[in-house]
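Numbering (the working numbering), first residue to last: 5 to 557.
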């Protein structure tokens, strides 16, 4: 079956080439150029503990302020002790050397995390607005907050922060930074799955063989929201914000202003539970509106095993759409935002149903891999466990055909892209500053893939590195509209939390196709100020600071 599908994928790629979308781009794994020992270690020794399948988050961020994107990777722990027993379980920080290689600086930076236990997701963000990206790490057991001290090292500041008060056995999958109250400080949303410990882990059998238990065996729990009080302190406002009454099994979180009322909202992809859409009421509370807006279920009004998710404008109509992936046999979900009033389920009409059915997806996101101005969809794939048929999958790239449909072009992106494995976390970023979006992907039991985009088509691009001054320094929540010389309008926003357990390069990427000149760039900053730049040249990393005055410049 796998061979048949590979042949079908190749045929689709050839058909795409006949339509002028030649798959000239390749992804090349350059991990071997660097010396590091990290492998995604989920401690699979035969005994199947529930969290083992969810290992290996990724963050792409510039930790040392040298302008180059670095990589942070989370790792598992020894079970049932929940300890990082030796270096094979440690987390990993890879410094971008700028020559195509990465240097393992984990120990020097103080990020091995030997006392953290089993780590899942990582959210990178500058919570104290000092210009250096900090790290939140979601764990089974205590979560952790690491403050970047600006000298190449990190300090664990969890104790006394307010993030240390979580229930001891709460299993947290990931997190997303956002400024929900508009005070200029990044708050934190945390995706929680269930209450679990090695001592309460359940054993499940199928035909006499141990398997990972189905999610229904474990109860759902509320997602959590922490308000940044400043000075390294956070307050748990879950109940006050209206999140506490809803139990889910949170996997992915996507932050965007879905109804364009000037306040960021949160979409939560839940595993085998209905999804959540928390709409910000701008008074410190949220209204859960997933059912009303049409994103709670699929088009059959059923729940799926939603994993990672992302929110971007795939059809360039100015409204942020939603995507999630799920398990094989189900259909990845694509929802089109209908003017901020509701979402339409368009997986069937846009080709996602046919393309996604064979895969179990984890990390994912919208990514304009070919710089044509249309955001494509990437999915990191792999089944839950080795006992499943055709358990190892390759990555998927669904190319966006002018916002109307998606075509699977995976087979044309090179051998490294098509490597089979149990892919999990994934993040996007421009690792070598050439304007092409690269990929970092973890896979159970293996080194991560650090895949550089060859950019074979030579299309033009713009990377926007924004800095907030009135609002949060990362500019999270800023919405950007690019108008090209030919009048095309392209949209994106600053929201680095992406997919499953991961954080992408926070710089805002635009593919421009054949166009070399941008007529205007409009940035709507958090808080409502609009900044307009005109006659901007393509093929550059443009640094923009928020003006202190609330007016166009």
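Using N, Cα and C, we set each Cβ at its ideal position, and we do this for glycine too.
Close beta carbons around residue 451, own chain, < 6 Å, minus the five adjacent residues each side: As a working note, residue 451 is residue 447 in the chain shown. Excluding the 5 residues flanking it on each side, residue 451 has same chain C-beta neighbours closer than 6 Å at 35, 43, in chain order.
Check the DSSP bridge columns for residue 59 and list the partner residues they point to. The residue you call residue 59 lines up with position 55 of the chain shown. Answer is none; residue 59 lacks a bridge partner.
For the ligand FMN, is there any heavy atom lying closer than 6 Å to the beta carbon of residue 402? In the structure on display, the ligand FMN does not appear, and there are no ligands present to speak of.
For residue 67, is the classification buried or exposed, using 16 other Cβ atoms within 10 angstroms of its Cβ as the cut-off for buried? In the chain shown, counting from the first residue as 1, residue 67 sits at position 63. Counting Cβ neighbours within 10 Å, residue 67 comes out buried, since at least 16 surround it.
My assumption, with CB atoms under 8 Å, is that residue 273 sits in contact with residue 328. Please give the rounded CB distance. What you label residue 273 is simply residue 269 of the chain shown in a count that begins at 1. What you label residue 328 is simply residue 324 of the chain shown in a count that begins at 1. About 4 Å; that satisfies the 8 Å criterion.
One question on the structure: do residue 271 and residue 281 come within less than 7 Å of each other, judged by their Cβ atoms? Translated into positions along the chain shown, residue 271 becomes position 267. Translated into positions along the chain shown, residue 281 becomes position 277. A contact, by the Cβ cut-off of 7 Å.
Status (buried if at least 16 other CB within 10 Å, exposed otherwise) for residue 15: Walking along the chain shown from the start, residue 15 turns up at place 11. At residue 15 the pLDDT is 41, less than 50, meaning the model places this residue with poor confidence; the figure from the coordinates comes in the next sentence. It is exposed - the Cβ of residue 15 has fewer than 16 other Cβ atoms within 10 Å.
Straight-line CA distance for residue 259 to residue 344? Position 255 of the chain shown, counted from the first residue, corresponds to residue 259. Position 340 of the chain shown, counted from the first residue, corresponds to residue 344. In a straight line, the C-alpha of residue 259 is about 14 Å away from that of residue 344.
Quick check on residue 168: does DSSP put it in helix, strand or coil? For the purposes of this step, residue 168 is taken as the residue at position 164 of the chain shown. Helix.
When you compare the stretch 531-541 with the stretch 505-519, are there three or more beta-carbon pairs, one atom per stretch, that lie closer than 8 Å? no
Below 8 Å, can you find three or more Cβ-Cβ pairs linking the stretch 141-157 to the stretch 103-123? These segments touch.
Less than 7 Å separating the beta-carbons of residue 73 and residue 64? On the chain shown, residue 73 is found 69 positions in, with the first residue counted as 1. On the chain shown, residue 64 is found 60 positions in, with the first residue counted as 1. In this structure, residue 64 lies closer than 7 Å to residue 73 by Cβ.
When you compare only the Cα positions, how much space is there between residue 315 and residue 497? Residue 315 sits at position 311 when you count from the first residue of the chain shown. Residue 497 sits at position 493 when you count from the first residue of the chain shown. Taking the straight line from one Cα to the other gives about 9 Å.
Using CA atoms only, rank isn't needed, just tell me which of 100, 284, 374 is closest to residue 440. Start at 1 with the first residue of the chain shown, and residue 440 comes out as number 436. It is 374.
Express the C-alpha separation of residue 216 and residue 333 in angstroms, rounding to a whole number. Indexing the chain shown from 1 puts residue 333 at position 329. Indexing the chain shown from 1 puts residue 216 at position 212. Those two C-alpha atoms are separated by around 18 Å.
For residue 136, which residues in the same chain have their Cβ closer than 6 Å to its Cβ, ignoring the five residues on either side in sequence? Position 132 of the chain shown, counted from the first residue, corresponds to residue 136. 152, 154, listed in sequence order.
Under the DSSP definition of a beta bridge, which residues are partnered with residue 76? In the chain shown, counting from the first residue as 1, residue 76 sits at position 72. Beta-bridge pairing links residue 76 to 63, 97.
Apart from the five residues just before and just after residue 205, which ones in its own chain have a Cβ nearer than 8 Å to its Cβ? Indexing the chain shown from 1 puts residue 205 at position 201. Once the five neighbours on either side are set aside, the close Cβ partners of residue 205 are 53, 54, 84.
Can you check whether the CB of residue 161 is closer than 7 Å to the CB of residue 179? Taking the first residue of the chain shown as position 1, residue 179 is located at position 175. Taking the first residue of the chain shown as position 1, residue 161 is located at position 157. No, these two residues do not count as a Cβ contact at 7 Å.
Taking just the CA atoms, how far does residue 491 sit from residue 551? By 1-based counting over the chain shown, the position of residue 551 is 547. By 1-based counting over the chain shown, the position of residue 491 is 487. Between the C-alpha atoms of residue 551 and residue 491 there is a straight-line separation of about 26 Å.
What is the C-beta distance between residue 114 and residue 94, in whole angstroms, given that I count them as a contact (C-beta under 8 Å)? Numbered from 1 along the chain shown, position 110 holds the residue referred to as residue 114. Numbered from 1 along the chain shown, position 90 holds the residue referred to as residue 94. The Cβ separation is near 12 Å, so there is no contact.
Of the choices 28, 521, 471, 488, whose alpha-carbon is the least far from that of residue 134? Against the chain shown, residue 134 aligns to sequence position 130. Ranking 28, 521, 471, 488 by Cα distance to residue 134 puts 471 first.
Determine the contact status of residue 510 and residue 130, defining contact as a CB-CB distance below 7 Å. Residue mapping note: residue 510 aligns to position 506 of the chain shown, counting from 1. Residue mapping note: residue 130 aligns to position 126 of the chain shown, counting from 1. With respect to residue 130, residue 510 sits apart: the two C-beta atoms are not nearer than 7 Å.
Going along the chain, which residues of its own chain have a beta-carbon closer than 6 Å to the beta-carbon of residue 233, five neighbours each way excluded? In the chain shown, residue 233 corresponds to position 229, counting from 1. Cβ neighbours of residue 233 within its own chain (closer than 6 Å, five residues either side excluded): 239.
Name, in chain order, the residues that DSSP records as bridge partners for residue 203. Stepping through the chain shown from its first residue, residue 203 is reached at position 199. Beta-bridge pairing links residue 203 to no other residue.
For residue 315, which beta-bridge partners are listed by DSSP? Start at 1 with the first residue of the chain shown, and residue 315 comes out as number 311. Note: residue 315 sits in a beta bridge opposite 326.
Tell me which same chain residues have a C-beta within less than 6 Å of the C-beta of residue 188, skipping the five on either side of it? Translated into positions along the chain shown, residue 188 becomes position 184. So the list reads 475, 476, once near-sequence residues are dropped.
Closer than 6 Å by C-beta to residue 286: which residues in its own chain qualify, once you throw out the five before and the five after it? Chain order, please. Here residue 286 refers to the residue found at position 282 of the chain shown. Around residue 286: 267.
Note the first and the last residue of the continuous alpha helix (DSSP H) segment covering residue 297. What you label residue 297 is simply residue 293 of the chain shown in a count that begins at 1. For residue 297, the uninterrupted alpha helix (DSSP H) run begins and ends at 294-297, by DSSP.
Out of curiosity, what's the CA-to-CA distance linking residue 288 and residue 326? Here residue 288 is taken as the residue at index 284 of the chain shown, counted from 1. Here residue 326 is taken as the residue at index 322 of the chain shown, counted from 1. Roughly 24 Å separates the two Cα atoms.
Using only CA atoms, which one of 324, 276, 319, 283 lies nearest to residue 305? Counted from its first residue, the chain shown places residue 305 at position 301. Looking at the Cα atoms, 276 is the closest of the given residues.
Can you find a C-beta in chain D that's less than 7 Å from the C-beta of residue 135? In the displayed structure, chain D is absent; only one protein chain is listed.
Apart from the five residues on each side of it in sequence, which residues of its chain come closer than 6 Å, Cβ to Cβ, to residue 222? Mapped onto the chain shown, residue 222 falls at position 218. In its chain, beyond the 5 residues on either side, 198 have a beta carbon closer than 6 Å to the beta carbon of residue 222.
Nearest to residue 339 by alpha carbon, out of 529, 311, 303, 331? Position 335 of the chain shown, counting from 1, holds the residue named residue 339. Considering only alpha carbons, the answer is 303.
Just to confirm the assignment, what range does the beta strand (DSSP E) spanning residue 488 have? One-based indexing of the chain shown puts residue 488 at position 484. That run of the beta strand (DSSP E) goes 483-488.
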